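Single-structure report; data block below.
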Amino acid sequence: MWPDWLLAFVGDGRIALLALAVIGVEALLIALFLRRRARIGSLVLTMASGAGLLGALYAALTGASAGMIALWLVASLVAHAADMATRLFDRS
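For the sequence shown, the positions run -4 to 87 when my numbering is used.
This is the structure:
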């Protein structure tokens, strides 16, 4: 049903690498063009939590160990918790 190239693109983890590249470009564009309107610190934490999940996806798709997948997930959790803390307890 799905084309072979798409199955290969997803199956070998390239889809996660593409998504990570998109996040990197997005971060660069925000830093360059929206520096004054966007809170860069909060955006970095948000993007880091997403990048951690994509790292875990890439690790899982490429056959990494369970420990490596867990490491990526914990990194994502820490970034997410820091992001939530800055949003909930920001006094500015």
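Yeah, the Cβ is synthetic: ideal placement off N, Cα and C, and Gly gets one too.
Everything numeric in this text was worked out from a predicted model, so none of it was measured.
The C-beta distance from Ser37 to Asp78 rounds to 7 Å, short enough to meet the 8 Å contact threshold. Setting aside the 5 residues that flank it on each side, Met63 is surrounded in the same chain by Ala54, each with a C-beta closer than 6 Å to its C-beta; the list follows chain order. Judged by their CB atoms, Ile18 and Gly45 are nearer to each other than the 8 Å cut-off. The Cβ-Cβ distance between Leu56 and Ala3 does not fall below 8 Å.
When the beta-carbon positions are compared, Leu40 and Ala74 come within less than 8 Å of each other.
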